[in-house]
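To start, the structure itself, in structure tokens.
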Amino acid sequence: MIFNIQRFSTHDGPGIRTIIFFKGCTLKCRWCENPESQSFDYELSYDRGKCIHCLECANISTNGEITLDNGKLRINRDLIDDPLRYRNICPTGALTVMGEDRSIEELIQEVKKDLPFFKKSYGGVTLSGGEPYAQPPFLFDLLAALKAININVSMETSLYADWKHIHKSINYVDTFLADLKHTDRAKFKAYTAGNLNRIIENFKNLEKENAPVIVRVPVIPHFNNTKEEMAHIIDFASSLKNVHEIHFLPFHALGMGKYGMVGKGYDFTEKFFRDDKELNDYVAMALKKGLKANIGG
Ligand code: SF4
1 MIFNIQRFST HDGPGIRTII FFKGCTLKCR WCENPESQSF DYELSYDRGK CIHCLECANI
61 STNGEITLDN GKLRINRDLI DDPLRYRNIC PTGALTVMGE DRSIEELIQE VKKDLPFFKK
121 SYGGVTLSGG EPYAQPPFLF DLLAALKAIN INVSMETSLY ADWKHIHKSI NYVDTFLADL
181 KHTDRAKFKA YTAGNLNRII ENFKNLEKEN APVIVRVPVI PHFNNTKEEM AHIIDFASSL
241 KNVHEIHFLP FHALGMGKYG MVGKGYDFTE KFFRDDKELN DYVAMALKKG LKANIGG
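For the sequence shown, the residue numbers in the numbering used here are 1 to 297.
What follows is the structure, encoded as structure tokens:
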């Protein structure tokens, strides 16, 4: 299942890219900017600002799934057992179903629309998420189909995945864009609910395979945004023989508004401010360690 396709991206890999976002993630990062990417299930997104209260959705709702209370539309998510019945119902796009089951053929047709742009810019396709490795059969079919038409593939991943799946994909992936969010196991666990050992192990396994990896570091206030923490991250990245480049990805809170739309709470409420000087300092630290370094991906 995917939740979005973004064409003409100039981020997340070389040249012009089509990004396919897989739905479902194995981590639960508290600052996640795409809350609609986390669940492996279909879910309804409701944008109150676009709603004209036409009640097209409420009229097909049974069992009180969607009701009008005091002039406000209420989505009773616990009662919804089939979100798909609301697909293409809303005339304004206020109510949408997040998640699409697309066939490999459909995705390849979509990708082929941009072949001329890929050729001119040395671009290709980036698989992102969510976590692409969380859907192995679908992922491998897609990778094989992309390889069959000679498409450059970047894999954006948390590396919080089974090594056997990552290993199986190596020959199909031109560049791994792999997150290294922290090097402290306890802090990583507290903010992502994941086990850092698995990720470190996968980085080391990719090094043994000499797979091309660019390390990506989301710079998150109160989590890893200190020189000391960043020095540990840079040290680890630069210790890997297959890593020559690191990207520092500035945090922004643009995803905050999306939480309410999919019925989730936003608990990353720590105050933050963006200071580009810090990011420039991290770039300078990485350069000193012999890595090519960028702000943004
Ligand atoms: S169909 Fe869309 S615009 Fe109409 S009430 Fe439902 S959410 Fe609002």
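Cβ atoms here follow ideal geometry from the backbone N, Cα and C, with glycine treated the same way.
What you are looking at is a predicted structure, and each value in this text was computed from that prediction instead of being measured.
Cβ-heavy atom distance, Leu-344 to the ligand SF4, below 8 angstroms: Absent from the model: residue 344. The displayed extent of the chain is 1 to 297, so no value can be given.
Collapsed DSSP secondary structure at Met-256 in the structure displayed: In the structure shown, Met-256 sits in a helix (DSSP, three-state: H, G or I).
Proximal residues to Arg-30 (C-beta, below 7 angstroms), its chain only, five neighbours per side dropped: Shown here for Arg-30: same chain residues with a beta carbon closer than 7 angstroms to its own, the five before and five after excluded, namely Tyr-191, Asp-267 and Phe-268 in chain order.
Minimum length 4: unbroken alpha helix (DSSP H) runs contained in the segment 17-90: For the segment 17-90, whole alpha helix (DSSP H) runs of length 4 or above, ordered along the chain, are 56-60.
Whole-Å CB distance - Met-1 paired with Phe-40, under 8 angstroms assumed: About 7 angstroms separates the Cβ atoms of Met-1 and Phe-40, confirming a contact at the 8 angstroms cut-off.
Touch test, the segment 37-54 against the segment 146-160, Cβ-Cβ under 8 angstroms, three pairs minimum: Contact between the segment 37-54 and the segment 146-160 is absent, with fewer than three C-beta pairs closer than 8 angstroms.
Nearest candidate by alpha-carbon position, reference Lys-288, set Ser-238, Pro-83, Ile-66 and Ala-144: When only C-alpha atoms are compared, the closest one is Ser-238.
Three-state secondary structure assigned by DSSP to Thr-10: Of the three classes helix, strand and coil, the one that applies to Thr-10 here is coil, per DSSP.
6 angstroms CB neighbourhood of Gly-194 in its chain, flanking five on each side removed: Its chain contains Leu-27 and Tyr-160 as the residues whose beta carbon lies nearer than 6 angstroms to that of Gly-194, once the 5 sequence neighbours on both sides are disregarded; these appear in chain order.
Three-state class that DSSP yields for Asn-242 in the structure shown: Coil at Asn-242, not helix or strand.
DSSP bridge partner residues for Pro-250 (one or two, in chain order): Pro-250 is bridged to Val-219.
Cβ pair Phe-203, Leu-240 closer than 9 angstroms: Closer than 9 angstroms, so yes.
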